[in-house]
Amino acid sequence: MELVGNCERCGRKVFCENGFLNGVNENNQLFCFPCSESSDDSREESNK
Ligand SMILES: [Zn+2]
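Here the sequence shown stands for residues 49 to 96, where the numbers follow the working numbering.
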């Protein structure tokens, strides 16, 4: 498991595991999965 960097939003470490990135790289910014899924952290109450 290789440390790729830290999540831009929460600072969590993002690893590359067996070729799978443990997060998302968007526009050269690294995010963990929870942060990448909630694209806007202040709008969790918005209806889907
Ligand atoms: Zn994060």
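Ideal placement from N, C-alpha and C gives every residue a C-beta, glycine not left out. As the structure is a computational prediction, the values presented were derived from the model and not from experiment.
Cβ distance (whole Å) where Cys55 is taken to contact Phe79 below 8 Å: 5 Å
With hydrogens ignored, establish whether the beta-carbon of Phe68 is closer than 7 Å to any heavy atom of ligand 1. no
Is there at least one non-hydrogen atom of ligand 1 closer than 7 Å to the beta-carbon of Phe79? yes
Buried versus exposed, by CB contacts within 10 Å (16 or more), Gly120: This structure cannot speak to residue 120, because the chain is shown only from 49 to 96.
Three-way DSSP call (helix, strand, coil) for Cys55 in this model: coil
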